[in-house]
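A.B. asks:
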Amino acid sequence: MVYTIATIYTPNRNQASFLRNTLHKLEEFTDGILLVGGDFNAPLDPALDSSSGHSCLSQRNIKSIRQTLDSLRLVDCWRTLNPSVKDYTYYSALHDHYSRIDYLFITQEGLSCLHKADIEPATWSDNGS
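In terms of UniProt numbering, the sequence shown is residues 1 to 129.
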């Protein structure tokens, strides 16, 4: 089986256009099952991925990102195995809330290989609080 693995660090601004452009460019180089992970710098499902229930992105931008992911047949590994669980990868001391901004996506063809996905406590982070 062939995999293409990519990491992404999404800037704090213009996330939707950055992800759309980057993911479509990545599609040109993909061979086999695609895994894309990294810091997306925003909760993509605010109801589940943010303790405040809000995202720094507008609903329009969230919808745009989801459409891009759907067009590439990318699914959220952790959310697939934990459909209603609230767990987070980032804490903002400034805003006193938690959010899941780090994601790992896999193409739908790779879902049969997915058996476990966990969010583990971090002992170190490059994200400022």
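Each residue gets a CB set at the ideal place from its N, CA and C atoms; glycine is no exception. Keep in mind the model is a prediction, meaning the values are calculated, not measured.
(1) Would you mind stating whether L69 and F105 have Cβ atoms separated by less than 9 Å?
(2) Give every residue of the same chain whose Cβ lies closer than 7 Å to the Cβ of D76, excluding the five residues on either side of it in the sequence, and list them in chain order.
(3) I need the DSSP call for F29, collapsed to helix, strand or coil.
(4) Roughly how many angstroms lie between the CA atoms of E109 and Y3, to the nearest whole one?
(5) Which same chain residues end up closer than 8 Å to R13 when comparing Cβ atoms and leaving out the 5 residues on each side of it in sequence?
(6) How about A117 and T89: do their beta carbons lie closer than 9 Å?
(7) Could you compute how far the alpha carbon of A122 sits from the alpha carbon of S99?
(8) In its own chain, which residues sit with a C-beta less than 6 Å from the C-beta of A6, not counting the 5 before and 5 after it?
(9) Whose C-beta lies closer than 7 Å to the C-beta of I119 among residues of the same chain, with five residues either side of it excluded?
C.D. replies: In short:
(1) Here residue 69 is taken as the residue at index 69 of the sequence shown, counted from 1. Here residue 105 is taken as the residue at index 105 of the sequence shown, counted from 1. F105 is positioned such that its CB atom lies closer than 9 Å to that of L69.
(2) The residue you call residue 76 lines up with position 76 of the sequence shown. Contacts found: Y103, F105.
(3) The residue given as residue 29 occupies position 29 in the sequence shown. F29 falls in the coil class under three-state DSSP.
(4) The residue you call residue 109 lines up with position 109 of the sequence shown. The residue you call residue 3 lines up with position 3 of the sequence shown. Here the alpha carbon of E109 sits roughly 11 Å from the alpha carbon of Y3.
(5) Position 13 of the sequence shown, counting from 1, holds the residue named residue 13. The answer is none, since no qualifying residue turns up.
(6) Mapped onto the sequence shown, residue 117 falls at position 117. Mapped onto the sequence shown, residue 89 falls at position 89. Judged by their CB atoms, A117 and T89 are not nearer to each other than the 9 Å cut-off.
(7) Translated into positions along the sequence shown, residue 122 becomes position 122. Translated into positions along the sequence shown, residue 99 becomes position 99. Approximately 14 Å between the Cα atoms of the pair.
(8) The residue you call residue 6 lines up with position 6 of the sequence shown. Result list for A6: L26, V36, in chain order.
(9) As a working note, residue 119 is residue 119 in the sequence shown. Within the same chain, I119 has close Cβ partners W78, D87, T89.
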